[in-house]
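Let me begin by presenting the structure, written as structure tokens, before commenting on it.
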Amino acid sequence: MDEKKKNVEEFKKERERLNRIIMDYSSTSTKRFFALDTQVYSEGKIPAKYKELMGLVGSIVLRCDDCILYHLIRCFEEEVTDDEIVEAADIALIIGGSITIPHIRRLFDNWKGMKEKD
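For reference, each letter of the sequence shown is one residue, going 1 to 118 in full-length UniProt numbering.
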């Protein structure tokens with residue numbers, strides 16, 4: 001398995017593991033927040049793929065690498081195109097400024113790795 005794909009799979013497993021731990025210790029408020037987070041990104045009047053692109057832009061602007069990778073994986077699963085990823089990264093760069101460039105570099109490195117065939 002390609003190193004990038006392996007890293008993505010490891011990230012997904014670790015995220016699931018950590019989410020289970022959070023839920024073991026969470027208050028009702030935290031559990032409601034997690035449920036709401038899941039609901040807002042689901043299919044609705046705005047297609048899920050566009051919601052994930054919005055999440056990706058926000059994550060780049062906030063410079064949250066875990067968030068960027070999560071939304072990038074979801075964009076891949078929602079069959080977002082290369083051109084859509086490029087335009088979303090452009091929007092994030094305009095909003096967030098040059099400080100987002102290192103995060104955008106890693107985004108495209110991960111995107112390329114996810115798209116490569118085994």
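Every residue gets a Cβ at the ideal spot worked out from N, C-alpha and C, and that includes glycine.
Using a threshold of 9 angstroms, state whether the C-beta atoms of residue i and residue j are closer than that.
i	j	result
residue 89	residue 46	no
residue 62	residue 75	no
residue 15	residue 66	yes
residue 113	residue 7	yes
residue 10	residue 52	no
residue 135	residue 22	The displayed coordinates of the chain run from 1 to 118. Any statement about residue 135 would go beyond what the structure contains.
Could you give the distance in angstroms between the alpha-carbon of residue i and the alpha-carbon of residue j?
i	j	result
residue 48	residue 73	13 angstroms
residue 68	residue 4	15 angstroms
residue 94	residue 102	14 angstroms
residue 64	residue 58	9 angstroms
Buried or exposed: where does residue i fall if 16 or more other Cβ atoms within 10 Å of its Cβ makes it buried?
i	result
residue 19	exposed
residue 100	buried
residue 86	exposed
Relative to the alpha-carbon of residue i, which residue among the options has its alpha-carbon at the smallest distance?
i	options	result
residue 108	27, 96 and 84	84
residue 41	5, 26, 71 and 115	71
residue 91	82, 64 and 54	54
Comparing the CB of residue i with every heavy atom of the ligand MN, is any distance shorter than 8 angstroms?
i	result
residue 115	The model depicted lacks the ligand MN and carries no ligand whatsoever.
- Run through the stretch 34-116 for me and flag every whole alpha helix (DSSP H) of 4 or more residues, listed as ranges in chain order. 48-62, 65-77, 82-96 and 101-115
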